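1 is the number of the first residue of the sequence shown in full-length UniProt numbering; add one for each residue after it.
First the structure, in the form of structure tokens, and then the observations on it.
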Amino acid sequence: MKTIAVIGLGRFGFYIAKSLSRLDVNVIAVDNDEKRIQEISEYVDDAYIVDSINKQALEEIGVYNLDTVIVSIGENIEASILTVMALKDLNNKRIIAKAINSTHGEILTKIGAFKVIYPEKIAGRMLVKKLIDNMSVEEIDVSNTIKMIKLVANENFIYKKISEIESEFKNLKIISYKTDDIWRMEINPSHQVKKDDILVFLGESKHIKDFYKKI
């Protein structure tokens with residue numbers, strides 16, 4: 001089973017860690033806030049209260065030699081930079097780091113981040129595209145290998161149960177859906193999709209083309 005570490009459990013990091021836990025992925029969740037660790041412990045097996053700039057502490061909890069680590073530290077730019085440096089020293093390969101501005105992102109790239117993401121910019125672009133194009137399908141890169149797809153249910157999904165849809169699209173997971181104007185985070189496998197329901201899928205990028213072909 002693949003292991004991915006998520007460091008920093010603000011809204012973005014928490015959502016990523018929770019969503020990854022529904023896939024065939026072992027998640028190591030890390031934060032220095034005890035309350036956030038308690039909350040994420042409902043969804044992941046490995047959650048640790050750790051100062052992520054402490055290289056020895058990261059190594060002790062298994063955050064070394066990993067293929068992918070996601071750094072989602074918020075406003076503390078110094079902690080974000082020092083964390084990426086520690087992760088590089090521990091031979092983690094793909095470090096995907098959240099940045100809050102372009103300068104922060106440039107520094108992260110220079111010290112070895114494999115990919116820098118700007119969640120606020122991505123959300124803004126998605127909103128603009130929706131307002132201008134009235135798109136029924138939206139796509140976001142969660143990492144270099146994982147995508148999230150949000151779509152309005154069409155004839156391929158209407159009248160099917162969530163369990164039937166997940167059985168048909170085995171490589172993708174439904175992580176949320178909106179029905180009767182209410183967003184549901186707890187997935188009810190027996191829910192029968194209705195017209196204009198909104199579905200949010202999470203899965204590996206390599207499976208997305210086949211998904212689009214089917215729908």
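Using N, Cα and C, we set each Cβ at its ideal position, and we do this for glycine too.
Since this is a predicted model, take the numbers as computed values, not measurements.
For a test of the three-state rule: what should DSSP assign to SER102, helix, strand or coil?
Of the three classes helix, strand and coil, the one that applies to SER102 here is helix, per DSSP.
Return the residue from the list GLU166, GLU168, LYS194 that minimises the CA-CA distance to ILE158.
Among GLU166, GLU168, LYS194, the Cα nearest to that of ILE158 is on LYS194.
Option nearest SER21 by Cα separation, candidates PHE211, LYS206, LEU172, THR109
The residue among PHE211, LYS206, LEU172, THR109 with its C-alpha nearest the C-alpha of SER21 is LEU172.
Under the three-state DSSP convention, the category residue 297 falls into:
Missing from the structure shown is residue 297; the chain here goes from 1 to 215 and no further.
Just grab the DSSP bridge partners of ASN26 for me.
Looking at the DSSP assignment, ASN26 forms a beta bridge with THR3.
Proximity winner among VAL30, ILE174, PHE211, relative to GLY62 (alpha-carbon distances)
Closest option to GLY62, Cα to Cα, is VAL30.
Would PHE12 and SER72 be called neighbours here (beta carbons separated by less than 8 Å)?
Yes.
Reference TYR118; option with closest CA among LEU108, ILE100, LYS214:
Just measuring C-alpha positions, the residue of LEU108, ILE100, LYS214 sitting nearest TYR118 is ILE100.
Just the Cα atoms here: how many angstroms apart are ASN92 and ILE70?
So the two alpha carbons sit approximately 11 Å from each other.
Report the residue from TYR177, SER163, ILE7, GLU39 whose alpha carbon sits nearest the alpha carbon of ILE96.
For ILE96, the nearest C-alpha among the options comes from ILE7.
According to DSSP, what are the bridge partners of PHE14?
Paired residue(s): none; PHE14 is not in a bridge.
Among GLU168, MET185, LYS110, TYR212, nearest to TYR15 - alpha-carbon criterion:
Residue MET185 holds the alpha-carbon nearest to the alpha-carbon of TYR15 among GLU168, MET185, LYS110, TYR212.
Sorted by chain position, which residues of the same chain lie with C-beta nearer than 6 Å to HIS104's C-beta, five sequence neighbours on each side aside?
These residues qualify, in order along the chain: ILE77.
In three-state terms, what does DSSP make of ALA210?
Sequence inspection shows Asp at residue 210; the Ala mentioned does not correspond to that position. Helix at ASP210.
According to DSSP, which residues form a beta bridge with THR68?
According to DSSP, THR68 bridges with ILE4, ARG94.
Cβ neighbours of ASP133 in the same chain (closer than 8 Å, five flanking residues each side left out)
The predicted position of ASP133 is uncertain, since its pLDDT is 43 and thus under 50; a value taken from the coordinates is nonetheless stated next. So the list is empty, once near-sequence residues are dropped.
Given this structure, state the Cα-to-Cα distance separating LYS147 from LYS115, to the nearest angstrom.
Between the alpha carbons of LYS147 and LYS115 lies a distance of about 14 Å.
Rounded C-alpha distance that separates residue 229 from GLN192
Residue 229 lies beyond the residue range present for the chain, which begins at 1 and ends at 215; the question has no answer from this structure.
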